[in-house]
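Under the working numbering, the first residue of the sequence shown is numbered 519, with each subsequent residue one higher. Even for Gly, the Cβ is constructed at its ideal location relative to N, Cα and C. Reviewing the structure listed below.
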Amino acid sequence: MVFTESYESLMNIYVWLTMVVIFSTLVGIWLTVRSGDKYSIEDAHAEEFGGIIAESHGLVTDFLYVSYAVMILWALSYLWMHWNEFKVI
Numbered sequence: 519m520v521f522t523e524s525y526e527s528l529m530n531i532y533v534w535l536t537m538v539v540i541f542s543t544l545v546g547i548w549l550t551v552r553s554g555d556k557y558s559i560e561d562a563h564a565e566e567f568g569g570i571i572a573e574s575h576g577l578v579t580d581f582l583y584v585s586y587a588v589m590i591l592w593a594l595s596y597l598w599m600h601w602n603e604f605k606v607i
């Protein structure tokens, strides 16, 4: 099949974006499982309410550290990309 140059570059972007989403999902699942192994209710000084809800005060897991870093990077990149829209404020 012969594609135009613009269509081929667009497909290339979508292929890479799909691979990034799959890789990020796998890393997220791995971090969730890994963090769950070393995090227990006893270590967190948790208080259970009816066996359904547990309030805990304990360690922050690696999954949360990565999630916070991704959210901060996303917010900074959004601010950088849309800086002209915020100049009005």
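- For residue 606, no alpha helix (DSSP H) segment is defined, and its DSSP state is neither H nor E.
- Linking residue 596 to residue 590 through their CA atoms gives a straight-line distance of about 10 Å.
- Going by beta carbons, residue 536 and residue 553 fall outside the 8 Å limit.
- Exclusion of the five residues before and after residue 568 leaves no residue of its chain whose Cβ lies closer than 8 Å to its Cβ.
- Residue 583 and residue 593 have their C-alpha atoms spaced approximately 15 Å apart.
- By a beta-carbon distance limit of 8 Å, residue 544 does not contact residue 581. Their separation comes to about 13 Å.
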